[in-house]
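Below is one structure, written out as structure tokens; comments come after it.
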Amino acid sequence: MLRCFGIFGVLLATSGAAQYMPPTDYSGTYYCKMTASAGLHLNKQLQQWEPIIFNVDDVAYTVKVINTGDIHQNQYLGDQLIHLVNVREFGSSEEARNCVGRQIIEGKYGEKIPIGASGDVTCRYFGSEYRLNFKTLRMQVSFDGGYMDDWSENQDTPYVAVGKCDKIG
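Taking numbering that gives the first Met the number 0, the leading residue of the sequence shown gets 0, the next gets one more, and so forth.
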């Protein structure tokens, strides 16, 4: 009996060490400068796709992350704060794009994006996919439009670009 109380006492004493850690809040504004990009372009004369390296000297994005105050409970990743993630090309006068997340929240995919302790986010806006890691401050953008379409319909250029981010606000 004394042994049971001893074990119970040890368990009780160590349970305080495993305190709840609230999820990290990555809200803020980030400036993400692309550093490299490659993809495919359509050689119209040969009617075939060819590899190409793109100049990204003037390519950057502004990413605004807004904490909604809600928490998403994920059985594998733990508690995650729900955010809205807006992406816009730096210097563009276009309205910021609200990304659509890849996790189902409230029964659907939508603009509510959970961000857990890892800092990873993947979201889409039309043919572009944005992958961000707010811990490593890295961004990857991929565009998959063009290649799958008929030659005459769409001659967009599929690509992937990578870059580094700084939190500016």
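Heads up, the beta-carbon is just placed ideally off N, CA and C, and yes, glycines get one too. None of these values were measured; they are calculated from a predicted model.
Exercise. Are the CB atoms of H71 and I112 nearer to each other than 7 Å?
Worked result: no
For this session: Report the three-state DSSP secondary structure of V159 (helix, strand or coil).
Result: strand
Exercise. Going by Cα to Cα distance, which pick from R87, Y146, E105, M20 is closest to N42?
Worked result: Y146
Exercise. Looking at C-beta atoms only, is the number of pairs between the segment 27-44 and the segment 133-146 that lie closer than 8 Å three or more?
Worked result: yes
Exercise. Cβ of V86 within 7 Å of Cβ of Y60?
Worked result: yes
Exercise. Going by Cα to Cα distance, which pick from G115, E88, R96 is closest to K187?
Worked result: Absent from the model: residue 187. The displayed extent of the chain is 0 to 168, so no value can be given.
Exercise. Applying the criterion that 16 or more other CB atoms from any shown protein chain within 10 Å of the CB defines a buried residue, is I52 buried or exposed?
Worked result: exposed
For this session: Might you give, ordered along the chain, the residues of its own chain that have their beta carbon closer than 6 Å to the beta carbon of E128, omitting 5 neighbours on each side?
Result: S141
Exercise. Taking the alpha-carbon positions, what's the T23 to V64 distance?
Worked result: 13 Å
Problem set entry | Straight-line Cα distance separating Q47 from G27 | 43 Å
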